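See below for the structure under consideration.
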Amino acid sequence: MLALSGVAAESMVRDVDWTMTDIGKRIERGLFLTALLRATLGTARSRAAEQLIVESVLVACESSVIYLRRNLGAVSVAAVADLVLVEAENPRSLVYQLERLRANLKALPGRRARRGRSGWSKSSAPGCAAWTRPTWRTSTPRESARS
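The opening position of the sequence shown corresponds to residue 1 in my numbering, with each subsequent residue numbered one higher.
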């Protein structure tokens with residue numbers, strides 16, 4: 001999965017398709033993170049169990065290196081929750097996912113900016129950035145036979 005993600009990140013054109021792929025990735029990460037934290041950090045446990053679980057959460061969130069760099073010593077549930085929930089600079093945090101999701105949704109074209117497959121196309125006139133919708137009409141059997 002990481003290899004596929006890397007190929008997409010390095011070779012896909014940053015168009016609507018890429019934006020939709022990134023939206024899906026951000027939603028999946030956010031859902032995974034909230035489910036993981038609900039299942040692991042939401043219950044009080046013994047100190048030894050808590051230490052092991054919190055370290056596992058850091059590994060699962062790919063945040064152990066940044067956590068250890070910032071917090072020397074014992075692992076704290078509050079510090080881990082802060083790092084993986086609200087740390088805006090951590091690309092694995094929930095806030096980061098939500099911010100990227102917001103930016104991607106904002107970058108999506110509006111109703112008038114859809115492309116070819118959905119019936120919208122950019123005007124071919126030089127320098128014209130207006131989007132126009134093609135006119136569709138049904139042909140009669142006689143017209144179809146002529147073409």
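Don't be surprised by glycine CBs; every beta carbon is placed ideally from N, CA and C.
Treat the numbers as computed from the prediction; the structure is a model and nothing was measured.
Bounds of the alpha helix (DSSP H) holding D82 are V77 to L85. E28 and T19 have their C-alpha atoms some 14 Å from each other. By the neighbour-count criterion, in which a residue is buried when 16 or more other Cβ atoms sit within 10 angstroms of its Cβ, D15 is exposed. The beta carbons of V84 and S93 sit closer together than 7 Å. With contacts defined by Cβ atoms closer than 7 Å, I23 and N104 form a contacting pair. Between V75 and E55, the CB-CB gap stays under 7 Å. Burial check for R102: the Cβ neighbour count within 10 Å stays below 16, so the residue is exposed. The beta carbons of L98 and G30 sit about 7 Å from each other, so the pair counts as a contact at 8 Å.
Counting along the chain, the unbroken alpha helix (DSSP H) around N104 starts and ends at L94 to A107. Using a Cβ distance threshold of 7 Å, V57 and T40 count as a contacting pair. CA-to-CA, the gap between S5 and E62 works out to about 15 Å.
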